[in-house]
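Asker: Once you've had a glance at the structure underneath, I'll fire off some questions.
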Amino acid sequence: MPARKGAERFVKVAVKDCWHPYGLQGLAPEKFANVTSLILKGKFALLGLRYKKAAAIRWPLQ
Numbered sequence: 015m016p017a018r019k020g021a022e023r024f025v026k027v028a029v030k031d032c033w034h035p036y037g038l039q040g041l042a043p044e045k046f047a048n049v050t051s052l053i054l055k056g057k058f059a060l061l062g063l064r065y066k067k068a069a070a071i072r073w074p075l076q
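Here it is in structure tokens:
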């Protein structure tokens, strides 16, 4: 195989800004406190446990 001509470049890792309640259960206490404070401030989103079909139909139309 020929040698690479340049260094490999990678995409930066994105910040997880949308959380499911089950994903919060596995966090360390300090990380959990940080994430929940950002959710309460409105910087992160919290997914619901149930998906409402009627709300999904109305949402794009508004």
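Per the working numbering, the very first residue in the sequence shown carries number 15; after that it's consecutive. We put the CB at the ideal spot given by N, CA and C, even for glycine.
May I have the straight-line CA-CA distance separating L63 from Y36, to the nearest angstrom?
Answerer: Position 49 of the sequence shown, counted from the first residue, corresponds to residue 63. Position 22 of the sequence shown, counted from the first residue, corresponds to residue 36. Taking the straight line joining both Cα atoms gives about 9 Å.
Asker: Pull up the DSSP beta-bridge partners for L60, would you.
Answerer: In the sequence shown, residue 60 corresponds to position 46, counting from 1. DSSP output for L60 lists W33 as bridge partner(s).
Asker: Starting from E44 and walking both ways along the alpha helix (DSSP H), at which residues does that stretch end?
Answerer: If you number the sequence shown from 1, residue 44 lands on position 30. 43-55 is the span of the alpha helix (DSSP H), which, as asked, contains E44.
Asker: Note down, in chain order, each residue of its chain lying with its Cβ closer than 8 Å to the Cβ of L75, except the 5 sequence neighbours on either side.
Answerer: Against the sequence shown, residue 75 aligns to sequence position 61. Because L75 carries a pLDDT of 47, less than 50, the predicted location of this residue cannot be relied on, and no value is offered for it.
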